[in-house]
Each structure stands twice: as structure tokens, then as C-alpha cells.
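Per the UniProt record's numbering, residue 1 is the first one in the sequence shown, and the count goes up by one each step.
We treat Cβ as the ideally placed atom computed from N, Cα and C, and that holds for glycine.
Right, one structure below, let's go through it.
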Amino acid sequence: MSSSLATSHHLITAPLHPSQGDTVKLTRALAGASILALAATLAACSSDSGGEATADCPDGVTTLTLLRAENNPPKDEFIAQWEKANSCYKIAVDEVPFDQLATKTQLIGSEDGGPDILEVDGPNTQTFAAAGLLLPIDDYLPDGYADEAVAASVAELSYDGKTYSTGMAQTTLGLYYNKTMLDGLGIIPPTTLDDAWTWDEALKVMQQCQVGDAENPDVFGLAPSAFGNGTAGNAYRDMVILRSAGDPTAAKGSSAYNTYWAIAPEGDTVDGYLNTPEAISAAKVYQSMYQGSTKVTSNEGLPNAFADGKACFDLQTSYLAGNLAATPPDFEWGITPVPYITTPIVHTGDVVLAVSSKTEHPEAAAKFAIDLGIGEEGLAWVASNKSFPSITTTDSQFDYLKDPPLSILNDELVEWGQPRPPSTHFVEYDQLVSEGLRDIAFGADPASALNDTVSKVDDALAR
Numbered sequence: 001m002s003s004s005l006a007t008s009h010h011l012i013t014a015p016l017h018p019s020q021g022d023t024v025k026l027t028r029a030l031a032g033a034s035i036l037a038l039a040a041t042l043a044a045c046s047s048d049s050g051g052e053a054t055a056d057c058p059d060g061v062t063t064l065t066l067l068r069a070e071n072n073p074p075k076d077e078f079i080a081q082w083e084k085a086n087s088c089y090k091i092a093v094d095e096v097p098f099d100q101l102a103t104k105t106q107l108i109g110s111e112d113g114g115p116d117i118l119e120v121d122g123p124n125t126q127t128f129a130a131a132g133l134l135l136p137i138d139d140y141l142p143d144g145y146a147d148e149a150v151a152a153s154v155a156e157l158s159y160d161g162k163t164y165s166t167g168m169a170q171t172t173l174g175l176y177y178n179k180t181m182l183d184g185l186g187i188i189p190p191t192t193l194d195d196a197w198t199w200d201e202a203l204k205v206m207q208q209c210q211v212g213d214a215e216n217p218d219v220f221g222l223a224p225s226a227f228g229n230g231t232a233g234n235a236y237r238d239m240v241i242l243r244s245a246g247d248p249t250a251a252k253g254s255s256a257y258n259t260y261w262a263i264a265p266e267g268d269t270v271d272g273y274l275n276t277p278e279a280i281s282a283a284k285v286y287q288s289m290y291q292g293s294t295k296v297t298s299n300e301g302l303p304n305a306f307a308d309g310k311a312c313f314d315l316q317t318s319y320l321a322g323n324l325a326a327t328p329p330d331f332e333w334g335i336t337p338v339p340y341i342t343t344p345i346v347h348t349g350d351v352v353l354a355v356s357s358k359t360e361h362p363e364a365a366a367k368f369a370i371d372l373g374i375g376e377e378g379l380a381w382v383a384s385n386k387s388f389p390s391i392t393t394t395d396s397q398f399d400y401l402k403d404p405p406l407s408i409l410n411d412e413l414v415e416w417g418q419p420r421p422p423s424t425h426f427v428e429y430d431q432l433v434s435e436g437l438r439d440i441a442f443g444a445d446p447a448s449a450l451n452d453t454v455s456k457v458d459d460a461l462a463r
């Protein structure tokens, strides 16, 4: 099937997807040129928090504070690189556990002062922008950024026509497979997006490679979810099955169109979006993976099932590729495109850097956020981690994206990628949808579960 390039139906002013096959040319040189222009602006800015004046820093050295989640980027070595290149600024890092990051950010609105730069889980960007916690950075972006950014990043990190972050790395989903097992069965998974399996095709293969009784197999057809608390239903992973039953090229407002987007354009309702006939039908397919004679996985987690050889497939993020490369399993593995029902789709997103509305140094904070996102320091970190940049680039340091298996993930990201449905109430949306999907996996009637989820989400959106 040919891939379908969808553009967002949300309030985004920039085009969301480059043309198929388009090679985007935002290189470090382009990003660097705009950053140098911003640096000249910063040199003229006064600061009331500077230290002792020097010849190079007539206003003293200004300290910017970064709120960062533990064990998350930007890494200290790349912060140090930025400080060396911008000697009139220092970065003080305030770290919190990841599960406290959103709460800490929300509290900033009621406090005096606070961090200059905020690390934000990407889907929360619109929530915090709508609450007035973030400053837009459009005035500081490189020329042509919106055309050259990964489409999903633009959709996720914009609100009301303004950009609040460039992102740092991007991530997406892939269907990992145990090549050694499949070779023994004569199964060759698709290697291009155009040849991607449908879910019906994929589930038949998963049933074929599963070993043992479906209720307690020795080898699962599909590894149990490792997302969230380890039970089924995580919206990032599992909701793509339902969304793939939709069609963004269908008539606007039709049930097929609405199913793909999973929320109204205004973000005020999911009725007629999450509970369409297409979504209910897809939820039955989803439930069949966990229940009855067609069962290929467990609704309870089993850590490291794929790496331990206890599953022949795993629906996982791009980070698993790095883990498998760093600690190779005792079998050959590969990645095939994520299956679909009607329209291919993968979720995207990662932590990003944004500028706090409380900062007294917006230009400097924006410079740091952009540099560590799409500037030299940011791209160097992405490349060192074998991750996916939030811009499409021909830079040679990303040559690892040209060959399988990572090229498959990169192609998905560019051609199929969509953020989880943007909303100013994303936290509630994500939690409630995950709970509804979990109920379906555990055996609840799909139509009743989705209608119940719609009622709960709409109540949250109305607050």
C-alpha cells in the first residue's frame, strides 16, 4: 500500500509533512547561521543577574536555570559544550524524577521566579502553553524551520499558531521481530513501508510463530507491553491500532476521518472520534490479541520478553533498537513497519525544551533551547545516541538512518508519524484512553468501553 501523508486538522499554520521523497536541507550550517544571529542579539541584552563584568562579558555572566528530569537529555557534556561556546552564560540544572516533571512545571505558574528553561514531555506542550507557562520561540527560529521540521514535531509543539519548542530527538514505534525464529518458519517480514502488513496479516504470523498453549505460551506471538505499569492499554503504543482504522483523506467530519484524528479539531470533544464504528471494529481486533483462541500476547507485563527470546515480535519504541545494539541478544533481530487496518500511522514524541514564561532572559533561554534541540550541540547528542532528529537532515553524522533497520523507523517517522492527539488536557486524555484500552484488553465490551471513555474524556475537556 502507498503511504498516506496526512496533514493535521488542528490549529497549525505551517505545512506538516514534506512531500514524499523530499530531501530537506536544514543542516547544522543553516541552524548555526541563525543561532549566530541570535547570539549577536544576546550580546546586546542587559542582565540584572550577571556577575562581575569582564572584557568579553560586559554585563557579567548570567546563570540560566534548567528544569530537567533525571536521566534525561540534555546531557551535561552537551550543556558544557554550549557554555563553552556562549561564555557569558552558565546553566544551573534542577533535576526531578520524570514522574514529577509535569507537576513541578504546573507549580511554576503559582510561584515567583522559577526556571528559565523547562524540559517538557512533548504532548504536554499545548497544555502548558494554554496555561501561560511557556513563551513562543517563533522569533528565534531558523528561516524555513517549519518547512524542514519533522511534521509530527510541528503539530505537537505548536499551539494557537505559535511554536513553543523545536524538540530534541524524536521517537516512534516499530514492530521488532526475532529473525532467527522467523527464518526457521520461512517467514520474511516486509522491509518497506509500501509493503507493510495489515493487522490481520500480522496477527496470523504471530499466531504461527507462537509456541505452546495460547493461555500460557513458551513463546508469545507478541511481547506483552513494557509501557507504563506493564499492563496493556498504553495509548502511545496501543491507540495506533484504533487510529489506523480511520482515513485522513476521507470527507472531513466523516467517521473514517474522525477516527484517524481521535479528537475534534478544537480539542473540545472526542464523541464521534473515539467511539466511531471504525474505532469499535478496530477495538475488537485489538481485544482479539489478548482474548480467546486468537490470543497472541498477555495483558500483564513480562519484562524483557523479546530480548530474552520469549516473544517473536515486540511493538516497541525506537529506543529498543539502541538497547539491542548495546546488549545484543542471542538471536538475529530486525524491524518491520507497524501494521495497520486502513491507514498506516505511528505515534511520535519525546521530551523537549521550552522557555518558561517566568524567565527574565527570554532570548538567552530560547537560544539554549534551540541550540540543544536543532543546533550543533543538539544534533551531536542525537547522533551520539543513535536517535532520530526532530528535523530531517542530510548531515553525514546521521548516515546510520539510511540503512535498515533504523531506516524503517526513520521512514515511518517522516511519512506516517503523528503526535498523540494534541489537547490542552493531554494528561487526562492520555490517562483515560489508556484505561479504556486496558479494560478492552481485559475483556470489556469494546463499544461500551469506548463510550464510557468518551464520557470521561469529554468531562475532562470541559473543565
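- Would you grab the beta carbon distance between ALA69 and GLU119 for me? Rounded to a whole angstrom, and I think it's under 8 Å. With 8 Å as the limit, ALA69 and GLU119 qualify as a contact, their Cβ atoms being about 6 Å apart.
- Message: Distance check for TYR177 and residue 473, CA to CA, integer angstroms please.
- Response: Because residue 473 is not part of the residues shown, which for the chain are 1 to 463, the question remains open.
- Item | Best match in ASP371, ALA80, TRP333 for proximity to ALA321 [C-alpha to C-alpha] | TRP333
- Coarse secondary structure for TRP82, derived from DSSP in three states: For TRP82, the secondary structure class from DSSP, reduced to helix, strand or coil, is helix.
- Do you know whose CA, among LEU133, GLY375, SER318, lies nearest ASP350's CA? SER318
- Message: On a Cα-Cα basis, can you pick out the residue from SER356, TRP416, SER288, GLY246 that is closest to LEU107?
- Response: SER356
- Message: Tell me which residues share the same chain as SER288 and place their Cβ nearer than 8 Å to its Cβ, disregarding the 5 neighbours each side in the sequence.
- Response: LEU203, THR294, LYS295
- Query: In chain order, which beta strand (DSSP E) runs of at least 3 residues are fully inside the stretch 307-354?
  - Reply: 313-317, 333-336, 346-348
- Query: First and last residue of the beta strand (DSSP E) that includes TYR177?
  - Reply: 173-178
- Message: Give the list of continuous beta strand (DSSP E) stretches no shorter than 3 residues that lie fully inside the stretch 85-164.
- Response: Counting only runs of 3 or more, we get 89-96, 117-121.
- Query: Quick one: what's got a C-beta closer than 6 Å to ALA447's C-beta in the same chain, skipping five residues either side?
  - Reply: ILE280
- Message: Would ILE187 and VAL211 qualify as a contact pair, given that the criterion is a beta-carbon distance under 7 Å?
- Response: Their beta carbons are not under 7 Å apart, which means ILE187 does not touch VAL211 by this criterion.
- State the Cα-Cα distance for the pair VAL154 and ASP458, rounded to the nearest angstrom. CA-CA distance, VAL154 to ASP458, rounds to 25 Å.
- Item | Between the CA atoms of ALA92 and ALA55 - distance to the nearest angstrom | Take the alpha-carbon of ALA55 and the one of ALA92: they are about 23 Å apart.
- Return the chain-ordered list of same chain residues with a C-beta closer than 7 Å to the C-beta of PRO277, the five sequence neighbours on each side being excluded. Taken in chain order, the residues that qualify are SER255.
- Selected residue, minimal CA-CA separation from LEU175, among ASP395, ILE345, PHE78: ILE345
- Task: Using alpha carbons as the reference points, say which of VAL61, GLY221, GLY60, PRO136 lies closest to LYS358.
- Result: PRO136
- Query: Is the distance from the Cβ of GLY436 to the Cβ of ALA152 below 7 Å?
  - Reply: no
- Query: What is the rounded straight-line gap between the Cα of ASP138 and the Cα of TYR145?
  - Reply: Distance from the CA atom of ASP138 to the CA atom of TYR145, rounded to whole angstroms, is 9 Å.
- Are the CB atoms of THR348 and GLN170 nearer to each other than 7 Å? yes
- Message: On the DSSP letters alone, give me the boundaries of the beta strand (DSSP E) that ALA264 sits inside.
- Response: DSSP places ALA264 in no beta strand (DSSP E); its state is neither H nor E.
- Item | Under the three-state DSSP convention, the category PRO362 falls into | helix
- Task: Could you name the residues of the same chain whose beta carbon sits closer than 7 Å to that of ALA245, not counting the 5 residues immediately before and after it, in chain order?
- Result: THR259, GLU278, ALA279, SER281, ALA282, ILE341, THR342
- Going by CA-CA distance only, name the one from THR65, ASP147, MET168, GLY161 that's closest to residue 537. This structure cannot speak to residue 537, because the chain is shown only from 1 to 463.
- Task: Check whether the Cβ atoms of THR336 and PRO224 lie closer than 7 Å to each other.
- Result: no
- Message: Could you give the first and the last residue of the continuous beta strand (DSSP E) run that contains GLY246?
- Response: Where GLY246 is concerned, there is no enclosing beta strand (DSSP E), given that its DSSP letter is neither H nor E.
- Whole-angstrom C-beta distance between SER158 and ALA369, which should lie under 8 Å: Contact flag wrong, Cβ pair sits at about 15 Å.
- Query: How many Å lie between PHE313 and LEU302 at the Cα?
  - Reply: 13 Å
- Query: Ordered along the chain, which non-local residues of its own chain (more than five positions away) have a Cβ less than 6 Å from that of THR63?
  - Reply: LYS90, ALA92
- Item | Inter-residue Cα distance where the pair is PRO265 and LEU101 | 27 Å
- Consult DSSP for ALA69 and reduce its assignment to one of helix, strand or coil. strand
- Task: May I ask you to report which of helix, strand or coil DSSP gives SER255?
- Result: helix
- Message: Tell me the residue span of the beta strand (DSSP E) that contains PRO217.
- Response: PRO217 -> no beta strand (DSSP E), and no H or E assigned at all.
- Query: According to DSSP, is SER387 helix, strand or coil?
  - Reply: Note: SER387 maps to coil in three-state DSSP.
- Query: Applying the criterion that 16 or more other CB atoms from any shown protein chain within 10 Å of the CB defines a buried residue, is ASN299 buried or exposed?
  - Reply: buried
- Query: Tell me, which residues are paired with LEU64 by DSSP?
  - Reply: Within the DSSP bridge table, the entry for LEU64 names ILE91 as partners.
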